[in-house]
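Protein chains: 4
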Amino acid sequence: MKLTKEQTQEIKDLQSQSNTTKRVTAPRLEEILYEALPILDHGFIRVIDYMGNDNSIVQAARVSYGKGTKKVNTDSGLIKYLMRHWHSTPFEMCEIKYHVKLPIFIARQWIRHRTANVNEYSARYSILDKEFYLPSKENLAAQSTSNRQGRGDIINGGQAEKVLGLLKEDAERTYKNYEEMLNERYDGTVIDDNKVGLARELARMNLTLNTYTQWYWKTDLLNLMNFLRLRADHHAQYEIRAYADVMLDTLKRWVPITYDAFIDYRVGGTEVSSKGKEVLKKLIGGHNINIDETDLSKREWNELMQAFNLKDKLI
Amino acid sequence: MKLTKEQTQEIKDLQSQSNTTKRVTAPRLEEILYEALPILDHGFIRVIDYMGNDNSIVQAARVSYGKGTKKVNTDSGLIKYLMRHWHSTPFEMCEIKYHVKLPIFIARQWIRHRTANVNEYSARYSILDKEFYLPSKENLAAQSTSNRQGRGDIINGGQAEKVLGLLKEDAERTYKNYEEMLNERYDGTVIDDNKVGLARELARMNLTLNTYTQWYWKTDLLNLMNFLRLRADHHAQYEIRAYADVMLDTLKRWVPITYDAFIDYRVGGTEVSSKGKEVLKKLIGGHNINIDETDLSKREWNELMQAFNLKDKLI
Amino acid sequence: MKLTKEQTQEIKDLQSQSNTTKRVTAPRLEEILYEALPILDHGFIRVIDYMGNDNSIVQAARVSYGKGTKKVNTDSGLIKYLMRHWHSTPFEMCEIKYHVKLPIFIARQWIRHRTANVNEYSARYSILDKEFYLPSKENLAAQSTSNRQGRGDIINGGQAEKVLGLLKEDAERTYKNYEEMLNERYDGTVIDDNKVGLARELARMNLTLNTYTQWYWKTDLLNLMNFLRLRADHHAQYEIRAYADVMLDTLKRWVPITYDAFIDYRVGGTEVSSKGKEVLKKLIGGHNINIDETDLSKREWNELMQAFNLKDKLI
Amino acid sequence: MKLTKEQTQEIKDLQSQSNTTKRVTAPRLEEILYEALPILDHGFIRVIDYMGNDNSIVQAARVSYGKGTKKVNTDSGLIKYLMRHWHSTPFEMCEIKYHVKLPIFIARQWIRHRTANVNEYSARYSILDKEFYLPSKENLAAQSTSNRQGRGDIINGGQAEKVLGLLKEDAERTYKNYEEMLNERYDGTVIDDNKVGLARELARMNLTLNTYTQWYWKTDLLNLMNFLRLRADHHAQYEIRAYADVMLDTLKRWVPITYDAFIDYRVGGTEVSSKGKEVLKKLIGGHNINIDETDLSKREWNELMQAFNLKDKLI
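Chains A, B, C and D, in that order, are what the protein sequence lines are.
Every number in my numbering is 2 more than the matching position in the first sequence, counting from 1.
Every number in my numbering is 2 more than the matching position in the second sequence, counting from 1.
Every number in my numbering is 2 more than the matching position in the third sequence, counting from 1.
Every number in my numbering is 2 more than the matching position in the fourth sequence, counting from 1.
Put into structure tokens, the structure is as follows:
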């Protein structure tokens, strides 16, 4: 990630302000406000603004339950209770806004989370930066043979070199031709004074999907956790997980109590189906059950055994 | 509106805090943060938290348009442009949270605005306050004869007294019987130690729709303006308009530039249909057109004449 | 539930139509289309329209996964896979529309599910029916002592009679006074020709929360299941559960394969937290663990033991 | 647009079915159900399913207004009234589902309409088709000099040839290298049996933004009209307008009465600001006002004059 001199200065200026407010604050999050946290080769995440903290969740829950919540006497106990019982609305009372720089093919996954507000850099108005994502070698994996959607073994040696070469070359050439069609370089210099440039909204179609874009993305705490649950999971594509992992850190700085409950009940938790419960009940009762005695498919059986670390029962 | 001693003290405590933040602030809104602004006989609105200010809208728009926005050189010019051309996403980048106390029949209108987050006082957990809305005499209007949905002339004299008497008496009796069924008074004292009380989730059904409830209500600036456009309009029911009017004041304190654009383009603006445009074009051209020469219905004709203050053309 | 002659005739007319369509159909749901299925004392649910069936989910999933789904060779297998892995978007491809008659205090719970489309009977325009909900005796329960939000033992004898008497009397009196203020009876007859009636938008505030209202409510299959998961649960208030139970039947008629997966993975399933998993692992391993050796609260411990039917371990 | 033999057969099979239903139908829309309507060079739109018709809107409105709507005695009159007064919820009672094939850079614009359900072809699972969008010559325009976001004059001659050549060559080369990295051709044949292919979720990043993708897109009638109002407008990018125009035709077949009202009040209508109204009032009064006597910016002035066809007043 490289920032221009102007960007670095702008971040410094924003960080040096010190305003007074009667609103609640999240001191650990304030420490990194506006900071560009580097991700992948050219991407970043910056927390731009936020609203509320752990206390705002408690406060909203107490409005709902009135005197009925007095019994749960700690904030932490109440937040854990809300998380466990899917009482979701108090978590919607906190809001966060990120500035994200990310490759377009990742932006396309990300945007499928609809309950968020977005302002994306428009390539109809302006020229996209000359930056594209190239995986590092340890992330260059083959198509998985067991999982239609995932990655398998790392690709090595000559084939890896070749792939990286193709990606780099194609991105550079298509970008060069993008400039050619625009009759304008990425830095704004005109190429040929005797020509007009192709409309930006058209020229952009020549760029490859690893070109970086950027946006402001704002969401509430509940939907942020829904996003992180899916995208910080090991099934998620590595490139979006890299963003989710950094966002998990910002979550911890923002609402540390909620973060702990989220890790316990969501990230580290498991769902067990009705049929799966019958299997576990028998195992707890000391019966050595196998798949033929159940209604589970092979895949369901293995997922259940894996969740409870029963490796010798995998089939 | 009456607040308990505890509530008054809590508001004072919240208002006396002075935190430092690197976030942007809205100084005129900070002045009234947490304050209970009285509405109707027992209701109020309090701004509890907010995120962003006019500058956040400009900042988000500039992320979208990149260097393409440099030409619009004032923030005010850019905000007006966004409002005029329905570029809605930058306005979604600001968020506000209210604490509202309001009669249930108004809460039922309000909740139809779905794009908001809500934590309402739950009468399954706790006992509702002994407070109900009684209109003041100047708001006691007859059913409109021209508008199926609105109010007509004020009701006076004996009939007004009678209506107010019935409303008061019924609200008080049903509340008393609510306590009776709960076997508990609004202040928590048990009525008869030898009895159990009816479940709260059941007893509440005996209350009248003018009973006050309360909630935290959080929304973004775009949806707040959508709400205000409809609910601060003179077609809106008086009781919800009373809330919308106070919220308009908070809007002005929060985002003064956006407020001005909103008043000009939305609140004070008019939509003219394709057929209506033809009529206006002829009038501008000096032709003395009448309804028979148009495709407008009587109602459409009158709405158009009214919007342009052509009272002698009303039919 | 009583329907007017006109309503009964209208339903018959709707049901007797036989249109041809190239769209997919759900034959078992067609059987009860438009039928008023009775709920509580005066309520009902009617399926008014629907779009898609089990096959539409499969079709949508296959668009997403392309040739990648060929391996899962049965529709049922694919739907189970989608449900288990929270692949939610294919379920959003089906839509259903209900006509519901329900007490206002239940309508207020229901409307908190925001991702739905609603047209409610407007008491600003028209007079509400003279119908209110009175619980049957077996549903007249005391406030729970263990659960702040729930019901405990049934209330019997004289106290039950008294409660029912109060509910009936208060609803009847407030409705009578509603008519009085409107100067109009529920059937449209004017009471006193020399008087004007109070505006309907005002008079309605005198009604009690057990008055029936009605609405059209339309949602997609995913959000319907979210609704049913919460509202058909035994923690839900009985009165809304009565509606959810009938809707579960309509779900089964509409999308039988999805219904089965929903019952197995959602309704009958359980979530186990990270800490809970450790407890289960030890129990499976044959260790006789007790709460002191865990990080679970007493409540969490009991919920876990209950989910796996380990009654002797409840504390 | 070319369809495979299998696709053509599948469409024929779907179209030849004739199911009976008690639901309302839209006969003119049934005529083209499942049909692939060609757009751009390789794109299409197909209506896959729908729910409701004009009558469903009327029916929903009558539930809301009860006897209060009796006065508006025609369906057309009621629908026009709803449209004019922004009574939006009855329009949400109808739903439609499209299958769309479109270039990725257009898909990225489209997806910004969040209130819709989407299942997109996943390039993590499957290989994208070897199809990319190349503009026809008459759509090859230069960047507009007056509008930062739009197109100006057509680009001709040698420069046009060059642009088209670059777009074609780059798309073909990046696709060829995509196959190379996957070690698999678009038709599934393996290139080199001794190699493993790069994971699909990675290889796709090499494709250009004019590559075609496809999705199922489902939305309600209200949100469809919001989409069409923006995307069938002459300010919209030509490539998305091509889709919107075809969708306008499907709207007309589906809900002809609503379509007429939509064209009159939305598509052909204009918004006039508070300040703009003052200008029009003076013009109607016969005063020859010019911009200096108003508070309008030059841009606002010109937009107003253009809307009312006062070309001699443009400045």
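Built from N, CA and C at the ideal position, the CB exists for glycine as well.
* Under the rule that 16 or more other beta-carbon atoms within 10 Å means buried, what is residue 316 of chain B, buried or exposed? -> Translated into positions along the second sequence, residue 316 of chain B becomes position 314. Exposed, since its Cβ has fewer than 16 Cβ neighbours within 10 Å.
| field | Contacts around residue 101 of chain A, its chain only, beta-carbon distance under 6 Å, and the 5 residues preceding and following it disregarded | value | By one-based count along the first sequence, residue 101 of chain A stands at place 99. The residues are 48, 50, 218.
Backbone CA spacing between residue 242 of chain A and residue 230 of chain A [nearest angstrom]: Position 240 of the first sequence, counted from the first residue, corresponds to residue 242 of chain A. Position 228 of the first sequence, counted from the first residue, corresponds to residue 230 of chain A. The alpha-carbon atoms of residue 242 of chain A and residue 230 of chain A are separated by roughly 10 Å.
Margin query: Taking 6 Å as the limit between beta carbons, can you name the residues of its chain near residue 111 of chain A, skipping five residues before and five after?
Written below: Counted from its first residue, the first sequence places residue 111 of chain A at position 109. Only 242 meet the Cβ criterion.
What residues in the stretch 227–254 of chain A bring their beta carbon closer than 7 Å to a beta carbon of chain C?
-> none
Requested in this report: With 7 Å as the C-beta to C-beta threshold (strictly closer), list the residues of the stretch 278–294 of chain C near chain A in chain order.
Outcome: 279, 282, 283, 285, 286, 288
**Prompt:** Where DSSP assigns a beta bridge to residue 119 of chain D, which residues make up the other side?
**Reply:** In the fourth sequence, residue 119 of chain D corresponds to position 117, counting from 1. D/220, per the DSSP bridge assignment.
task: Using a Cβ cut-off of 9 Å, pull out every chain C residue sitting near residue 217 of chain D, in sequence order please.
output: Counting from 1 along the fourth sequence, the entry for residue 217 of chain D is found at position 215. Those are 65, 66, listed as they occur along chain C.
| request: Check whether the Cβ atoms of residue 211 of chain B and residue 170 of chain B sit closer than 8 Å, and answer yes or no. | output: Looking up residue 211 of chain B in the second sequence gives position 209. Looking up residue 170 of chain B in the second sequence gives position 168. Against a cut-off of 8 Å, the Cβ pair of residue 170 of chain B and residue 211 of chain B comes out as no contact.
* To do: Measure the alpha-carbon distance for residue 205 of chain C versus residue 186 of chain C and round it to whole angstroms.
  => In the third sequence, counting from the first residue as 1, residue 205 of chain C sits at position 203. In the third sequence, counting from the first residue as 1, residue 186 of chain C sits at position 184. Between residue 205 of chain C and residue 186 of chain C, the C-alpha separation is close to 11 Å.
Helix, strand or coil at residue 27 of chain C according to DSSP, with G and I counted as helix: Translated into the one-based positions of the third sequence, residue 27 of chain C becomes position 25. Note: residue 27 of chain C maps to coil in three-state DSSP.
- Item | For residue 142 of chain D, the nearest candidate out of A/98, A/190, A/207 (CA to CA) | Working through the fourth sequence from its first residue, we reach residue 142 of chain D at position 140. Selected option, being the one with the closest Cα: A/207.
**Asked** In its own chain, which residues sit with a C-beta less than 8 Å from the C-beta of residue 57 of chain B, not counting the 5 before and 5 after it?
**Response** Reading the second sequence from its first residue, position 55 is the one you call residue 57 of chain B. Within the same chain, residue 57 of chain B has close Cβ partners 26, 77.
query = What do you reckon, are the CB atoms on residue 257 of chain D and residue 55 of chain D nearer than 8 Å?
reply = Reading the fourth sequence from its first residue, position 255 is the one you call residue 257 of chain D. Reading the fourth sequence from its first residue, position 53 is the one you call residue 55 of chain D. Yes. Within cutoff.
### Query
residue 191 of chain C touches chain B at which residues, Cβ-Cβ below 9 Å?
As a position in the third sequence, residue 191 of chain C is number 189, starting the count at 1. Within chain B, no residue comes near residue 191 of chain C; the closest Cβ sits about 15 Å away, beyond 9 Å.
Suppose the cutoff is 6 Å on Cβ atoms and the five residues either side in sequence are ignored; what does the same chain contact list for residue 117 of chain A look like? Sequence index remark: in the first sequence, residue 117 of chain A carries index 115 (1-based). Closer than 6 Å at Cβ, skipping near neighbours: 225.
Would you tell me roughly how many angstroms separate the C-alpha atoms of residue 271 of chain A and residue 272 of chain C, rounded to the nearest one?
-> As a working note, residue 271 of chain A is residue 269 in the first sequence. As a working note, residue 272 of chain C is residue 270 in the third sequence. Cα to Cα, residue 271 of chain A sits roughly 10 Å from residue 272 of chain C.
Exercise. Out of curiosity, what's the CA-to-CA distance linking residue 351 of chain D and residue 254 of chain C?
Worked result: As shown, chain D starts at 3 and ends at 317. That puts residue 351 of chain D outside it, with no answer to give.
Bridge partners for residue 35 of chain B per DSSP, in chain order? Position 33 of the second sequence, counting from 1, holds the residue named residue 35 of chain B. Residue 35 of chain B pairs with nothing; no bridge assigned.
- Message: If we define contact as Cβ-Cβ less than 8 Å, is residue 271 of chain C a contact residue for chain A?
- Response: For the purposes of this step, residue 271 of chain C is identified with residue 269 of the third sequence, where counting begins at 1. Yes, contact with chain A.
When you compare the CB positions of residue 269 of chain A and residue 306 of chain A, do they come within less than 8 Å of one another, or not?
Your numbering for residue 269 of chain A matches position 267 in the first sequence. Your numbering for residue 306 of chain A matches position 304 in the first sequence. No, these two residues do not count as a Cβ contact at 8 Å.
Can you give me the Cβ contacts of residue 223 of chain C inside the same chain, cut-off strictly under 6 Å, excluding the 5 residues immediately before and after it? Walking along the third sequence from the start, residue 223 of chain C turns up at place 221. For residue 223 of chain C, where only same-chain residues beyond five positions count, the Cβ hits under 6 Å are 93, 96.
* Contact with chain C by residue 198 of chain B, beta-carbon distance below 8 Å -> For the purposes of this step, residue 198 of chain B is identified with residue 196 of the second sequence, where counting begins at 1. Yes, contact with chain C.
Tell me whether residue 248 of chain D is buried or exposed, calling it buried when 16 or more other Cβ atoms sit within 10 Å of its Cβ. Indexing the fourth sequence from 1 puts residue 248 of chain D at position 246. Flag for residue 248 of chain D reads buried.
**Report entry** Test item: CB-CB of residue 66 of chain D and residue 124 of chain C under 8 Å
**Finding:** Within the fourth sequence, the letter at position 64 stands for residue 66 of chain D. Within the third sequence, the letter at position 122 stands for residue 124 of chain C. Contact flag set, yes.
Pull out every residue of the stretch 11–25 of chain B whose Cβ sits closer than 9 Å to any Cβ of chain A, in chain order. 16, 17, 18, 19, 20, 21, 22, 23, 24, 25
Q: Would you please state the rounded distance, in angstroms, between the beta carbons of residue 38 of chain B and residue 5 of chain B? I believe it to be under 8 Å.
A: Position 36 of the second sequence, counted from the first residue, corresponds to residue 38 of chain B. Position 3 of the second sequence, counted from the first residue, corresponds to residue 5 of chain B. Sure, about 6 Å apart at Cβ, within 8 Å.
DSSP-derived helix/strand/coil call for residue 126 of chain C: Translated into positions along the third sequence, residue 126 of chain C becomes position 124. Residue 126 of chain C: coil per DSSP, three-state reduction.
Once you ignore the five residues that flank residue 285 of chain D on each side, which residues in its own chain have a CB closer than 7 Å to its CB?
For the purposes of this step, residue 285 of chain D is taken as residue 283 along the fourth sequence, with counting starting at 1. Same-chain partners within the cutoff: 291.
Nonlocal neighbours in the same chain, by C-beta distance under 6 Å from residue 146 of chain A, ignoring five residues either side:
Here the question's residue 146 of chain A lines up with position 144 in the first sequence. So the qualifying residues of the chain are 152, 153, 154.
Candidates D/104, D/86, D/91, of which the one nearest residue 40 of chain D by Cα: Position 38 of the fourth sequence, counted from the start, is the residue given in the question as residue 40 of chain D. Out of D/104, D/86, D/91, D/104 has the C-alpha closest to the C-alpha of residue 40 of chain D.
- For the stretch 219–272 of chain D, which segments carrying the alpha helix (DSSP H) assignment without a break, of at least 4 residues, lie completely within its bounds, in sequence order? 223–233, 240–256, 258–264
Q: Please name the residue, chosen from B/312, B/216, B/34, that lies closest to residue 52 of chain B on a Cα-to-Cα basis.
A: Counting from one through the second sequence, the residue named residue 52 of chain B turns up at place 50. Taking only the C-alpha atoms, the option nearest residue 52 of chain B is B/34.
Where residue 295 of chain C sits in the DSSP three-state scheme: The residue labelled residue 295 of chain C in the question sits at position 293 within the third sequence. It is helical.
Please name the residue, chosen from D/300, D/115, D/267, that lies closest to residue 89 of chain D on a Cα-to-Cα basis.
Residue mapping note: residue 89 of chain D aligns to position 87 of the fourth sequence, counting from 1. Comparing Cα-Cα distances from residue 89 of chain D to each of D/300, D/115, D/267, the minimum goes to D/267.
How close, in whole Å, do the beta carbons of residue 44 of chain B and residue 133 of chain B come, if the pair is a contact with beta carbons under 8 Å? Numbered from 1 along the second sequence, position 42 holds the residue referred to as residue 44 of chain B. Numbered from 1 along the second sequence, position 131 holds the residue referred to as residue 133 of chain B. About 4 Å separates the two Cβ atoms, so the contact holds.
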